[in-house]
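K.L.:
In my numbering, the protein residues as written are 2 to 239.
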């Protein structure tokens, strides 16, 4: 497949086969990702790559936040108090929950409605929504979890570089038959990752990413987000 076909075939994979990613394949994906463009070649990001038992510990730690996290997303005081009591309040380096700018929220809401309709989860289905958050926090049982940290002092350019790197990484993975999905909600809590990795002090957790072989029979993997045209600025009249 040529580059355009690869690019258009990539999608967010949310169900994976129970099959490990071969170490040499994972290393090849990471090696491809290092060739992305960068602001002054600074490459202000750090990746924590987890597999095997280490990933299972991180996964279990994150999953323990699902119930209180779902309540906090809805602004429920009881959920905040419970999270405070259980030591599960957000430890985000960057704000992951909040209001979107109106012109961008329209896209977020439209995609959310389509996605939850595809899953069969209705607006008032609290059990379904907690379960869906848990699946996010468990990284959809993917065999590889990657946690991405950006250098705070070089923001926003380190975040720009991170996006370039992640896009390259996702395409490199797709080129090898792997699926990926970025999971921003993982950045709400960083302690599960800090317990397992030494992260340089100037770096903040901005997102997580799941990787593995897609399950072709999983209904969730039939979902495709809409990709609207690029927004182009109108030229001024001279």
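Where a beta carbon is used, it is the ideal one built from N, C-alpha and C, also for glycine.
Note that the structure is predicted; figures quoted are calculated from it, not measured.
Tell me whether residue 189 is buried or exposed, calling it buried when 16 or more other Cβ atoms sit within 10 Å of its Cβ.
P.N.:
Under this definition residue 189 is a buried residue.
K.L.:
Cβ atoms of residue 178 and residue 213: under 8 angstroms apart, would you say?
P.N.:
Against a cut-off of 8 angstroms, the Cβ pair of residue 178 and residue 213 comes out as no contact.
K.L.:
Alpha carbons only, please: which of 58, 7, 48 is nearest the one belonging to residue 164?
P.N.:
With distances taken between Cα atoms, residue 164 lies closest to 48.
K.L.:
Enumerate in chain order the residues of its own chain whose CB-to-CB distance from residue 59 is below 7 angstroms, with the five nearest sequence positions on each side excluded.
P.N.:
Excluding positions up to five away in sequence, the list reads 51, 146, 193, 194, 197.
K.L.:
Pick helix, strand or coil for residue 36, following the three-state DSSP scheme.
P.N.:
Residue 36: coil per DSSP, three-state reduction.
K.L.:
Helix, strand or coil for residue 228? Go by DSSP, reduced to three states.
P.N.:
Coil at residue 228, not helix or strand.
K.L.:
Please report how far the alpha carbon of residue 104 lies from the alpha carbon of residue 113, in whole angstroms.
P.N.:
Roughly 15 angstroms separates the two Cα atoms.
K.L.:
Specify, as a first and last residue, the run of the beta strand (DSSP E) that residue 206 falls within.
P.N.:
It spans 204-213 - the beta strand (DSSP E) in which residue 206 sits, taken as one unbroken run.
K.L.:
Helix, strand or coil for residue 65, going by three-state DSSP, please let me know.
P.N.:
Coil at residue 65, not helix or strand.
K.L.:
Within 10 angstroms of its Cβ, does residue 2 collect 16 or more other Cβ (buried), or is it exposed?
P.N.:
Exposed is the call here.
K.L.:
Excluding the 5 residues preceding and the 5 following residue 37 in the sequence, name in chain order all residues of the same chain whose CB lies nearer than 7 angstroms to its CB.
P.N.:
Same-chain partners within the cutoff: 165, 166, 169.
K.L.:
Could you tell me which whole alpha helix (DSSP H) segments of length 4 or greater appear in the stretch 100-183?
P.N.:
Taking only runs of at least 4 residues, the alpha helix (DSSP H) segments lying wholly in the stretch 100-183 are 103-120, 127-138, 158-175.
K.L.:
What are the start and end residues of the beta strand (DSSP E) that includes residue 10?
P.N.:
Counting along the chain, residue 10 falls outside any beta strand (DSSP E), though it belongs to the alpha helix (DSSP H) covering 4-10.
K.L.:
What's the gap between the Cα of residue 240 and the Cα of residue 239?
P.N.:
In the structure displayed, the chain extends from 2 to 239; residue 240 sits before or after that span and is not available.
K.L.:
How about residue 183 and residue 210: do their beta carbons lie closer than 8 angstroms?
P.N.:
Yes, the Cβ-Cβ distance between residue 183 and residue 210 is below 8 angstroms.
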